[in-house]
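**Q** Residue numbers (the numbering used here): -4 to 173.
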């Protein structure tokens, strides 16, 4: 891993480098899927190590912060609206544990809360259309309105395929079938 950030001993590629590599040469992990900490049958401990690898890369290579310095930093984590409490605890562990990042402290906010406060809007219904899932939640002063949270099992990928199918049906899709 990056200087001061131990890895499992294997070469680790993150981001574009990982996506552009030959897949047979590496194990490819997508630690977050459909808003959850999950990758098929991969053990949670492995997912946490891969999150650590990705975040270590960002912190060291993009922000130039050494691992030993993280103990003096606070960390704000914005998590998916659909992430459950167990998964959130696992993410917090990656941030706080000295065997991982070892931040001094961590605060966690759901993405909907971060969105309304960033926008300066204390009352709103936040609709997040992700790749495979859409979540809707209404908030007042950062607190969810009772029974307002809905998670729909489709997202922008499904909308893309719907539009693609409709355009193909009308012979309007500009690309040949794949």
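Yeah, the Cβ is synthetic: ideal placement off N, Cα and C, and Gly gets one too.
Mind reading off the beta-carbon distance from residue 74 to residue 86? Whole number of angstroms is fine, and I expect it under 8 Å.
**A** Position 79 of the chain shown, counted from the start, is the residue given in the question as residue 74. Position 91 of the chain shown, counted from the start, is the residue given in the question as residue 86. Rounded, the Cβ-Cβ distance is 6 Å, consistent with contact.
**Q** Going along the chain, which unbroken runs of the alpha helix (DSSP H) with 4 or more residues stay wholly within the segment 61 to 101?
**A** 80 to 91
**Q** Can you give me the Cβ contacts of residue 120 inside the same chain, cut-off strictly under 6 Å, excluding the 5 residues immediately before and after it?
**A** Numbered from 1 along the chain shown, position 125 holds the residue referred to as residue 120. Closer than 6 Å at the Cβ level, and outside the excluded window around residue 120, lie 133.
**Q** Under a three-way DSSP split, which group does residue 171 fall into?
**A** Your numbering for residue 171 matches position 176 in the chain shown. Of the three classes helix, strand and coil, the one that applies to residue 171 here is coil, per DSSP.
**Q** Where does the unbroken alpha helix (DSSP H) through residue 191 begin, and where does it stop?
**A** Summary: the structure shown does not reach residue 191, with the chain confined to residues -4 through 173, and so no result is reported for it.
**Q** Quick one: what's got a C-beta closer than 6 Å to residue -2's C-beta in the same chain, skipping five residues either side?
**A** Mapped onto the chain shown, residue -2 falls at position 3. With a pLDDT of only 47 at residue -2, under the threshold of 50, the placement of this residue in the model should not be trusted; the figure read from the coordinates follows. Sequence-distant Cβ neighbours of residue -2 in its own chain, meaning closer than 6 Å and more than five residues away, do not exist here.
**Q** What are the boundary residues of the beta strand (DSSP E) that residue 121 is part of?
**A** Start at 1 with the first residue of the chain shown, and residue 121 comes out as number 126. Where residue 121 is concerned, the enclosing beta strand (DSSP E) starts and stops at 118 to 124.
**Q** Quick test of the definition: if touching needs 3 or more C-beta pairs under 8 Å, does the segment 97 to 110 touch the segment 153 to 172?
**A** no
**Q** So what's residue 144 in DSSP terms, helix, strand or just coil?
**A** Start at 1 with the first residue of the chain shown, and residue 144 comes out as number 149. Looking at residue 144 - three-state DSSP - the assignment turns out to be coil, as it is neither helix nor strand.
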